[in-house]
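Trainee: Following full-length UniProt numbering, the numbering of the sequence shown begins with 1 at its first residue and continues without gaps.
C-beta: ideal position from N, C-alpha, C; glycine also.
Got a structure for you, written out below as structure tokens; questions coming shortly.
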Amino acid sequence: MAISVRGLVHTYPSGVTALQGVDLDVAPGERVAIVGQNGAGKTTLVRHLNGMVRPTEGEVRIGDWSTTEKSIAELAHRVGYVFQNPDEQIFARTVATDVGFGPKNLGFDEERAQRAVSDALEAVGLAHEADVHPHHLSLSERKRIAIAAVLAMQTPIVVLDEPTTGQDDAGVQLIAAIVGSLIAQGRTVVAITHDMDFCIENFDRVVVMAQGEVRADGPAEEVFADVAALEAAAVEPPQLLRVARALGWSGTPRDARAFVDQLAQQRGSGSSA
Ligand SMILES: Nc1ncnc2c1ncn2[C@@H]1O[C@H](COP(=O)(O)OP(=O)(O)OP(=O)(O)O)[C@@H](O)[C@H]1O
1 MAISVRGLVH TYPSGVTALQ GVDLDVAPGE RVAIVGQNGA GKTTLVRHLN GMVRPTEGEV
61 RIGDWSTTEK SIAELAHRVG YVFQNPDEQI FARTVATDVG FGPKNLGFDE ERAQRAVSDA
121 LEAVGLAHEA DVHPHHLSLS ERKRIAIAAV LAMQTPIVVL DEPTTGQDDA GVQLIAAIVG
181 SLIAQGRTVV AITHDMDFCI ENFDRVVVMA QGEVRADGPA EEVFADVAAL EAAAVEPPQL
241 LRVARALGWS GTPRDARAFV DQLAQQRGSG SSA
């Protein structure tokens with residue numbers, strides 16, 4: 001399902017204007033990462049997608065719906081939102097009840113709801129914790145409960161706010177696999193991330209925000225090659241790219257495999273650039 005954001009301005013009651021006129025189109029099935037410093041407006045932008053925050057000016061469309069005409073409950077059929085802090089999202093006494101809340105609220109019948117819950121818990125590696133109280137689990141596990149709760153809603157659009165925070169390598173790999181599987185199912189994924197390695201390895205398109213504006217938007221390779229835009233937005237390129245630049249390479253290796261291939265090529269050609 002497509003997302004269309006037009007001329008979006010948001011001013012909080014405190015008087016802070018967090019978005020200064022944002023335009024963004026996301027095609028159905030696309031995966032987009034939003035990056036930028038703290039306070040750039042990323043969370044404010046994505047909270048417009050499920051109606052938690054409403055435009056001061058401009059419009060947000062989710063498929064053929066304008067968010068201003070829909071309630072949060074209606075928008076929940078189309079947009080699943082995973083909070084940055086899982087404790088803002090988790091409230092039930094068992095993991096399974098928490099993950100089952102969304103499907104139940106969306107009107108899934110008992111059988112579909114149960115399957116949605118068990119598939120989602122399986123996907124995040126927590127099937128064995130279904131009956132445990134979420135507060136007995138670690139932050140990284142609670143984060144995965146929050147992801148499962150949104151997966152179980154089977155929405156065409158999934159928004160992830162800082163999904164890899166607090167995850168170890170295995171957790172990051174698991175989240176990368178979830179993003180891959182959502183895309184394979186034709187769903188649209190929008191993720192805010194400060195983890196540039198996760199970003200370049202898993203997202204084809206990167207949107208850079210600073211001071212409530214989109215400063216760069218395009219294929220990951222192009223955006224991360226735009227040194228001026230990254231510096232202006234105070235975004236550090238991914239680790240491998242920094243090493244590649246230090247070596248004087250012009251290419252943009254997106255993961256360790258691509259880096260090693262490029263290294264082998266350079267050695268083969270006897271060149272340093
Ligand atoms: N509920 C709120 N009330 C008032 N101001 C807010 C509120 N939420 C965010 N802001 C302000 O709006 C601006 C943008 O914040 P936002 O959280 O959208 O940025 P962000 O890029 O998501 O940052 P972070 O990476 O820290 O989450 C900041 O100046 C922030 O202080």
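Touching or not, the segment 167-179 and the segment 85-98, by the rule of three or more beta carbon pairs under 8 Å?
Mentor: no
Trainee: What residue range is occupied by the uninterrupted alpha helix (DSSP H) comprising V95?
Mentor: One-based indexing of the sequence shown puts residue 95 at position 95. V95 -> alpha helix (DSSP H) spans 95-105.
Trainee: Strictly by DSSP, which residues pair up with V5?
Mentor: On the sequence shown, residue 5 is found 5 positions in, with the first residue counted as 1. Paired residues: L24, V60.
Trainee: Could you tell me the alpha carbon to alpha carbon distance between D109 and S118, rounded to whole angstroms?
Mentor: Along the sequence shown, read from residue 1 onward, the residue named residue 109 stands at position 109. Along the sequence shown, read from residue 1 onward, the residue named residue 118 stands at position 118. Near 14 Å, if we compare the C-alpha coordinates of S118 and D109.
Trainee: Taking the CB atoms as reference points, tell me whether I192 and K42 lie closer together than 8 Å.
Mentor: Within the sequence shown, the letter at position 192 stands for residue 192. Within the sequence shown, the letter at position 42 stands for residue 42. With a cutoff of 8 Å on beta-carbon distance, I192 and K42 are scored as near each other.
Trainee: Quick check on S140: does DSSP put it in helix, strand or coil?
Mentor: On the sequence shown, position 140 is the one that residue 140 refers to. If DSSP states are grouped into helix, strand and coil, S140 belongs with the helices.
Trainee: Anyone know if the C-beta pair for T155 and R78 falls short of 8 Å?
Mentor: Within the sequence shown, residue 155 is the residue found at index 155, counting from 1. Within the sequence shown, residue 78 is the residue found at index 78, counting from 1. In contact: T155 and R78 (Cβ atoms closer than 8 Å).
Trainee: Starting from G80, trace the beta strand (DSSP E) in both directions and tell me its first and last residue.
Mentor: The residue you call residue 80 lines up with position 80 of the sequence shown. Its beta strand (DSSP E) spans residues 79-82.
Trainee: Based on the DSSP secondary-structure assignment, which residues constitute the bridge partners of V158?
Mentor: Locating residue 158 in the sequence shown gives position 158, where the first residue counts as 1. Per DSSP, the beta-bridge partners of V158 are G80, V189.
Trainee: Got a sec? Which residues, its chain only, sit under 8 Å from S272 by beta carbon, not counting five neighbours each side?
Mentor: In the sequence shown, residue 272 corresponds to position 272, counting from 1. Unreliable placement is indicated for S272, whose pLDDT of 48 sits below 50; the coordinate value is still reported in the next sentence. Cβ neighbours of S272 beyond the five flanking positions: L247, G248, Q266.
Trainee: With 16 other CB atoms within 10 Å as the buried threshold, where does Y12 fall?
Mentor: In the sequence shown, counting from the first residue as 1, residue 12 sits at position 12. With fewer than 16 other Cβ atoms within 10 Å, it is exposed.
Trainee: Compare the beta carbon distance of G29 and T188 with 8 Å and say whether it is the shorter of the two.
Mentor: The residue given as residue 29 occupies position 29 in the sequence shown. The residue given as residue 188 occupies position 188 in the sequence shown. Yes; because the gap between Cβ atoms is below 8 Å, this pair is in contact.
Trainee: Please list, in chain order, all residues of the same chain as L49 whose beta carbon is under 6 Å from its beta carbon, the five residues on each side excluded.
Mentor: Against the sequence shown, residue 49 aligns to sequence position 49. Excluding sequence neighbours, L49 sits near V79, V159.
Trainee: Ends of the beta strand (DSSP E) at D217?
Mentor: Taking the sequence shown and counting its residues from 1, one reaches residue 217 at position 217. Here the beta strand (DSSP E) through D217 covers 213-219.
Trainee: Considering only the beta carbon of each residue, do V32 and P163 sit closer than 8 Å?
Mentor: Taking the first residue of the sequence shown as 1, we reach residue 32 at position 32. Taking the first residue of the sequence shown as 1, we reach residue 163 at position 163. No. Outside cutoff.
Trainee: Just to confirm, is the Cβ distance from E141 to E129 under 8 Å?
Mentor: The residue labelled residue 141 in the question sits at position 141 within the sequence shown. The residue labelled residue 129 in the question sits at position 129 within the sequence shown. Going by C-beta atoms, E141 is nearer than 8 Å to E129.
Trainee: When you compare the CB positions of A228 and A210, do they come within less than 8 Å of one another, or not?
Mentor: Position 228 of the sequence shown, counted from the first residue, corresponds to residue 228. Position 210 of the sequence shown, counted from the first residue, corresponds to residue 210. Cβ atoms of A228 and A210: not closer than 8 Å.
Trainee: What is the rounded straight-line gap between the Cα of D217 and the Cα of D131?
Mentor: Counting from one through the sequence shown, the residue named residue 217 turns up at place 217. Counting from one through the sequence shown, the residue named residue 131 turns up at place 131. Their backbone Cα atoms lie some 43 Å apart in a straight line.
Trainee: T44: beta carbon under 7 Å from a heavy atom of ligand 1?
Mentor: Taking the sequence shown and counting its residues from 1, the one referred to as residue 44 is at position 44. Yes, the beta carbon of T44 sits closer than 7 Å to at least one heavy atom of ligand 1.
Trainee: Using a Cβ-Cβ cutoff of less than 6 Å, which residues in the same chain neighbour P86 once the five nearest sequence positions on both sides are dropped?
Mentor: Here residue 86 corresponds to residue number 86 of the sequence shown, with the count starting at 1. For P86, where only same-chain residues beyond five positions count, the Cβ hits under 6 Å are R142, K143, A146.
Trainee: Hey, quick one: how far does the alpha helix (DSSP H) through R31 stretch, first residue to last?
Mentor: Counted from its first residue, the sequence shown places residue 31 at position 31. Here R31 belongs to no alpha helix (DSSP H); instead the beta strand (DSSP E) covers 31-35.
Trainee: Drop a sphere of 10 angstroms on the beta-carbon of P219, count the other beta-carbons inside from all chains shown, and report buried for 16 or more, exposed for fewer.
Mentor: In the sequence shown, the residue the question calls residue 219 occupies position 219. Exposed: under 16 other Cβ atoms inside 10 Å.
Trainee: Any idea what DSSP makes of A273, helix, strand or coil?
Mentor: If you number the sequence shown from 1, residue 273 lands on position 273. For A273, the predicted structure reports a pLDDT of 46, less than 50, and the residue's modelled location is therefore unreliable. A value from the coordinates is still provided. DSSP, read as helix, strand or coil, puts A273 in coil.
Trainee: Hey, would you say the C-beta of S71 is under 7 Å away from at least one heavy atom of ligand 1?
Mentor: Counting from 1 along the sequence shown, the entry for residue 71 is found at position 71. Outside the cutoff, so no.
Trainee: Can you check whether the CB of G51 is closer than 8 Å to the CB of S71?
Mentor: One-based indexing of the sequence shown puts residue 71 at position 71. One-based indexing of the sequence shown puts residue 51 at position 51. Going by C-beta atoms, S71 is nearer than 8 Å to G51.
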